[in-house]
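Going down the list, the protein sequences come from chains F and P. For the first sequence, my numbering assigns the number 1 to the initial residue and increments by one for each residue that follows. For the second sequence, my numbering assigns the number 1 to the initial residue and increments by one for each residue that follows.
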Amino acid sequence: MAEMDTSSGGGHKKGPGVKKGKKMSTRVDLTPMVDLGFLLITFFIFTTTMSSPTALKLNLPADTKDEKQQNKLNENSALTIMLGKDNNVFYYEGQLNVTAGSNNFKASNFKDIRDVIMQKKARTDTTFMVIIKPTDESNYKNIVDILDEMRINLVGRYALVEISPDEDKLVKLSQGGAAPQ
Amino acid sequence: MSRPKIARKSTNIDMTAMCDVAFLLLSFFILTTKFKPSEAVPVTTPNSVSAKIAPEKNVILITLNKDGKVFFSVGDSKEDKEKKETILRSLNGSKNIGLSESDIQALVKAPFIGVSLGQLPQQAKMNPDQMNATLPGIPVQDTTNNQMVDWMHAVTEAYAGSKPNILLKGDNVAKYPAFKNIIAAFKKNDLLKFQMVTNPESVPTGTDLWKANQKGEKQVD
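1. Could you tell me the boundaries of the beta strand (DSSP E) in which T63/P lies?
2. Could you compute how far the alpha carbon of V41/P sits from the alpha carbon of A133/P?
3. For the alpha helix (DSSP H) containing S73/P, list its first residue and its last residue.
4. What does the alpha-carbon distance come out to for the pair T215/F and P4/P?
5. Buried or exposed: which applies to R123/F, given that a residue is buried once 16 or more other Cβ atoms fall within 10 Å of its Cβ?
6. Could you confirm whether any beta carbon from chain F is found closer than 8 Å to the beta carbon of T63/P?
7. Against Q195/P, what residues of chain F qualify as contacts under a CB-to-CB distance less than 8 Å, listed in chain order?
8. Note down, in chain order, each residue of its chain lying with its Cβ closer than 6 Å to the Cβ of N199/P, except the 5 sequence neighbours on either side.
9. What residues from chain P crowd round P165/F, counting only those whose CB sits closer than 8 Å?
10. Quick one: which unbroken alpha helix (DSSP H) runs of 4-plus residues sit fully inside the segment 132–161 of chain P? Chain order, please.
11. In its own chain, which residues sit with a C-beta less than 8 Å from the C-beta of V140/P, not counting the 5 before and 5 after it?
12. With C-beta atoms as the reference, is L83/F less than 8 Å away from I143/F?
13. Alpha carbon to alpha carbon, how far is Y159/P from I97/P? Give it in angstroms, no decimals.
14. What would DSSP say about F105/F, mapped onto helix, strand or coil?
15. Given that a residue counts as buried once 16 or more other Cβ atoms are within 10 Å of its Cβ, and exposed if not, what is E93/F?
16. At the level of alpha carbons, what is the spacing between A22/P and M15/P?
17. Ignore the nearest five residues each way along the sequence and tell me which others in I113/F's own chain have a CB closer than 6 Å to its CB.
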């Protein structure tokens, strides 16, 4: 059996005067080796499963010039999210309305936008839709992050749309104000 | 009176068998692990909660690196390489690039295409070791000279009848315009479904998707 030679500790005495024969066991304690083995196994299991990349699906809407075929957007149930530079996020609900009295153009970031989406989703019916408008300064990660956010919040209807010049101007103007994440 | 001897059993267990199993498993995992081949174009992909593993067959991979350069490649399987040959031949014919037979074979073997259509003969004569992120990339920068449209057109022709798995592998810091132009090329060829390569990430707790997963609902694609 794999055990250490512990007889020197005074296990069984052979009686007075009897000299202890040097009986070194050839057995080695394999416990640390087993530990090491399993440690390496867990390491390999983890590293192999982690490296397989996943894929995020994105379906694009077909470009239709025909007005009738385009999905009519229910203005009140839409949430428009704009992606600026330095991970800035801007959003407005419904129609963009920036006048002296009212302003529904708000700044946010990737942490807070989830709550915004969740709240808006809870408030609106099934016609809820998110429109994502990346500016030219946003990067690829921002787009994937926001698409991922759609998945996380189970938003079924969302679209990637070109930003309009007015919105682009607003985003550029507000860029300095929003705290970068 | 002699007492009956109580056998003193050792508490130590024979570890040899366990050790054998451990190392058998270890050698199995080491041998079956496929090492990722070092990539010529390094790309750091973003994370997503998507649990779907990226497909490996019928793959058309478009890489967008951090400088906004676009590279085109196909999957590693033999069928994919044949498709690449078909794509190259059809482009050679329709765009009058002037690739020789050996050029086409060299480009099929090349890990990726990273030059404009006109420069393809030069890339064909390059050593595969020299093909890296220093290549200029396929021009997509503006809508007038978006050669990705031509590539995607050739892809749809080569995959007529079947569906290619279009993968887009973008770098975290790649800018949006390059991505937009690639998508424009997809749209022009009616390739409306594509997938983006990401790293897996756990679903944040308390979100709708997390709740759905708790209930045991399957993720929809």
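Ideal Cβ placement from N, Cα and C applies to all residues, glycine included. What you are looking at is a predicted structure, and each value in this text was computed from that prediction instead of being measured.
Looking at the coordinates:
1. Counting from one through the second sequence, the residue named residue 63/P turns up at place 63. Per DSSP, the unbroken beta strand (DSSP E) holding T63/P starts and ends at 59–64.
2. Walking along the second sequence from the start, residue 41/P turns up at place 41. Walking along the second sequence from the start, residue 133/P turns up at place 133. Taking the straight line joining both Cα atoms gives about 5 Å.
3. Here residue 73/P is taken as the residue at index 73 of the second sequence, counted from 1. From DSSP, S73/P is part of no alpha helix (DSSP H) but of the beta strand (DSSP E) over 70–74.
4. With chain F covering only 1 through 181, there is no way to say anything about residue 215/F.
5. Position 123 of the first sequence holds residue 123/F. The residue in question, R123/F, is exposed, as its Cβ has fewer than 16 Cβ neighbours within 10 Å.
6. By 1-based counting over the second sequence, the position of residue 63/P is 63. It does not: the Cβ of T63/P has no partner Cβ on chain F nearer than 8 Å.
7. Position 195 of the second sequence, counted from the first residue, corresponds to residue 195/P. Chain F residues near Q195/P: A55, L56, K57, L58.
8. Taking the second sequence and counting its residues from 1, one reaches residue 199/P at position 199. Setting aside the 5 residues that flank it on each side, N199/P is surrounded in the same chain by T45, N47, each with a C-beta closer than 6 Å to its C-beta; the list follows chain order.
9. What you label residue 165/F is simply residue 165 of the first sequence in a count that begins at 1. Simply none; closest approach about 15 Å.
10. Restricted to the segment 132–161 of chain P, the alpha helix (DSSP H) segments that are unbroken, complete and at least 4 residues in length are 147–158, listed in chain order.
11. Translated into the one-based positions of the second sequence, residue 140/P becomes position 140. Same-chain partners within the cutoff: V70, N146, Q147, M148, A178, N181, I182, A185.
12. Stepping through the first sequence from its first residue, residue 83/F is reached at position 83. Stepping through the first sequence from its first residue, residue 143/F is reached at position 143. Judged by their CB atoms, L83/F and I143/F are nearer to each other than the 8 Å cut-off.
13. Position 97 of the second sequence, counting from 1, holds the residue named residue 97/P. Position 159 of the second sequence, counting from 1, holds the residue named residue 159/P. Using only the alpha carbons, I get a separation of about 22 Å.
14. Along the first sequence, read from residue 1 onward, the residue named residue 105/F stands at position 105. Note: F105/F maps to coil in three-state DSSP.
15. Within the first sequence, the letter at position 93 stands for residue 93/F. Buried is the call here.
16. Residue 22/P sits at position 22 when you count from the first residue of the second sequence. Residue 15/P sits at position 15 when you count from the first residue of the second sequence. Taking the Cα positions, A22/P is about 10 Å away from M15/P.
17. In the first sequence, the residue the question calls residue 113/F occupies position 113. Around I113/F: V89.
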